[in-house]
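Chains as they are written, first to last, in the numbering used here: chain A, 1 to 235; chain B, 236 to 470.
A virtual CB, placed ideally from N, CA and C, is assigned to each residue, including glycine.
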DNA sequence: ATCTTATAAATTGCGCGCAATTCCAGAGGA
DNA sequence: TCCTCTGGAATTGCGCGCAATTTATAAGAT
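As structure tokens, then:
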């Protein structure tokens with residue numbers, strides 16, 4: 001009876017669902033680094049027990065998205081400059097390989113998916129919905145990982161993209177030029193032509209630009225209400 | 236046999252210590268895939284509470300080293316052929332990048348560490364302590380990740396090496412030639428000469444050989460549990 | 001003997017609630 | 001106004017122990 005797998009009812013969500021919802025909130029920058037994640041509040045939001053929420057928070061902390069401080073609770077990870085650079089550096093290392101694999105083995109359907117993603121991102125950007133555009137921009141990189149057909153790389157990229165989001169919201173340049181708009185499209189062109197080497201170096205530059213656009217002078221921001229972020233059934 | 240650096244002998248080990256000890260046991264192949272990890276037994280061994288052990292098992296499962304089956308407990312992950320290939324494939328992708336970085340940026344002290352590792356492995360192998368040799372062989376790859384100076388890549392490689400150990404103990408060819416002995420030494424030579432490209436392709440071949448040495452025909456199963464083979468009792 | 005069925009033991013999942021710690025507001029003092 | 005102290009509220013850490021489920025064991029049937 002309590003089985004309702006695909007339903008949109010507000011039945012208690014599974015552990016994985018909660019994890020993904022929180023990750024989504026992180027990549028959408030609806031929760032900023034340093035935000036305290038009150039356990040009971042989250043339990044109330046997702047209608048689960050403390051124990052279950054604890055597991056989710058543990059998983060988030062294992063993946064570097066949340067920092068657990070003894071007796072103080074869970075906080076959205078706010079990386080220092082070193083860690084931020086390590087995240088970007090890891091992406092350069094991993095994504096070069098991913099791009100190479102995609103350039104060598106991608107099919108027409110894969111290109112179509114990438115194309116659609118780029119279209120959606122442009123659409124959002126032109127409509128001024130920048131946050132949505134950023135989200136699609138991140139999904140582009142996850143798409144590349146998916147196209148390799150390797151679920152391990154896929155999970156890894158989801159993690160790295162999420163951490164990148166946190167880093168960006170911490171250190172992004174307020175006068176953000178975000179000038180690397182066309183990179184995804186250019187990359188897709190190279191992939192279509194199976195030009196692995198140019199695609200790889202473009203990805204490298206792409207991430208270099210992202211890193212260069214950051215200014216490692218932290219700014220403070222803490223005000224966040226969890227209940228307004230996760231819009232669920234009220235009262 | 237210092238299990239813990241400068242610590243009280245039998246003081247309750249921390250979460251991370253337990254995690255690493257179990258991972259060590261996995262890479263040493265002292266625990267085989269499919270083995271059931273009895274929670275209370277582990278609590279007794281490590282002198283910790285069930286709750287703490289639960290966290291360790293959760294972390295192991297998040298990292299793909301252990302499978303948690305509801306109401307049945309924790310089992311050392313036994314990958315199927317697909318997952319095994321995904322692990323090796325992920326390693327090819329990641330380690331190519333790592334090797335490139337090392338070739339470009341490694342110093343003399345780094346080369347010394349690699350050299351010592353190779354020496355230790357050879358020593359063990361010639362002394363017939365093959366298990367120890369295998370362990371050092373895995374550590375070589377982790378060393379490479381450490382030399383990049385990127386802790387994220389380092390953790391990732393620890394995880395991938397551990398999963399590889401599980402895969403190897405599942406699918407290794409009984410007539411194991413393990414013929415790729417000299418690869419590490421040759422790789423080091425390339426790294427010393429800053430020859431990134433040859434080093435990368437050698438690493439690729441190295442992992443290809445490892446994969447080819449595996450036999451994915453369901454042999455005498457180490458899976459202690461028949462139910463995981465014949466999918467009965469689901470739902 | 002082998003396969004079922006029944007019963008007991010073992011094990012896991014998890015809510016409850018307390019102790020320890022931290023957070024916070026408000027009083028008092030400089 | 002700005003610290004410092006302080007007592008109570010809020011929050012986290014975690015042991016305890018029961019209920020649900022599975023596993024092991026023994027008895028019975030064919």
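Check, Outcome
"Range covered by the beta strand (DSSP E) that runs through residue 66 of chain A", "66-69"
"Straight-line gap, residue 69 of chain A to residue 81 of chain A (C-alpha atoms, nearest Å)", "20 Å"
"Counted within 10 angstroms of its Cβ, other Cβ atoms place residue 206 of chain A as buried (16 or more) or exposed", "buried"
"With 16 other Cβ atoms within 10 Å as the buried cut-off, status of residue 251 of chain B", "exposed"
"CB contact check: residue 294 of chain B to chain A, cutoff 7 Å", "yes"
"Residue 268 of chain B versus B/312, B/306, B/262, residue with shortest Cα-Cα distance", "B/312"
"Buried versus exposed, by CB contacts within 10 Å (16 or more), residue 40 of chain A", "exposed"
"Inside the region 128-177 of chain A only - alpha helix (DSSP H) runs reaching at least 4 residues", "130-147, 151-171"
"Spatial neighbours of residue 145 of chain A in its chain, beta-carbon cut-off 7 Å, leaving aside the 5 residues before and after", "98, 153, 154, 157"
"Alpha-carbon spacing of residue 382 of chain B relative to residue 298 of chain B, whole angstroms", "23 Å"
"Any 3 or more C-beta pairs closer than 8 Å across the region 126-136 of chain A and the region 359-373 of chain B", "no"
"Given residue 447 of chain B as reference, the closest of B/424, B/423, B/415, B/378 once Cα atoms are compared", "B/415"
"Amino acids of chain A, ordered along the chain, whose beta-carbon sits closer than 8 Å to that of residue 332 of chain B", "92, 93, 94, 96, 97"
"Beta-carbon spacing of residue 191 of chain A, residue 106 of chain A below 7 Å", "yes"
"Residues sharing a beta bridge with residue 479 of chain B, DSSP", "Absent from the model: residue 479 of chain B. The displayed extent of chain B is 236 to 470, so no value can be given."
"Exposure label - residue 12 of chain A; buried when at least 16 CB within 10 Å", "exposed"
"Nonlocal neighbours in the same chain, by C-beta distance under 7 Å from residue 474 of chain B, ignoring five residues either side", "Since the displayed chain B opens at 236 and closes at 470, residue 474 of chain B lies outside it and no answer follows."
"Cut-off 8 Å between Cβ atoms - residues of its own chain near residue 308 of chain B, not counting five sequence neighbours on either side", "271, 272, 273, 274"
"Interface flag, residue 199 of chain A vs chain B, CB-CB below 7 Å", "no"
"Cross-chain neighbours of residue 55 of chain A in chain B, by beta carbon under 7 Å", "293"
"Chain A contact for residue 388 of chain B (CB, 7 Å cutoff)", "yes"
"Per DSSP, cross-strand counterpart(s) of residue 60 of chain A", "None; residue 60 of chain A has no bridge partner."
"Residue-level contact to chain B via CB, residue 1 of chain A, 7 Å cutoff", "Residue confidence is low: residue 1 of chain A scores 36 on pLDDT, short of 50, so the model does not pin down where it sits. No coordinate-derived value is stated."
"Contact set for residue 461 of chain B: own chain, Cβ-Cβ below 6 Å, skip 5 residues either direction", "Residue placement at residue 461 of chain B is poorly supported in this model, since its pLDDT is 43, which falls under 50; the coordinates still yield a value, given next. So the list is empty, once near-sequence residues are dropped."
"Paired residues, beta bridge with residue 214 of chain A - DSSP", "A/172"
"For residue 347 of chain B, three-class secondary structure by DSSP", "helix"
"Beta-carbon proximity list for residue 79 of chain A, same chain, < 6 Å, skipping 5 on both sides", "167"
"DSSP three-state assignment for residue 417 of chain B, whether helix, strand or coil", "coil"
"Among A/142, A/48, A/83, A/58, nearest to residue 113 of chain A - alpha-carbon criterion", "A/142"
"Own chain partners of residue 338 of chain B with C-beta closer than 6 Å, once the 5 adjacent residues on each side are dropped", "426, 429, 431, 434"
"Exposure label - residue 345 of chain B; buried when at least 16 CB within 10 Å", "buried"
"Endpoints, alpha helix (DSSP H) assigned at residue 314 of chain B", "It is not in any alpha helix (DSSP H) - residue 314 of chain B carries neither H nor E in the DSSP assignment."
"Assigned exposure category for residue 358 of chain B - 16 Cβ within 10 Å defines buried", "exposed"
"Status (buried if at least 16 other CB within 10 Å, exposed otherwise) for residue 217 of chain A", "exposed"
"Cβ shell of residue 266 of chain B (< 6 Å), same chain only, five flanking positions each side left out", "260, 311"
"Below-7 Å beta-carbon distance, residue 62 of chain A vs any chain B residue", "yes"
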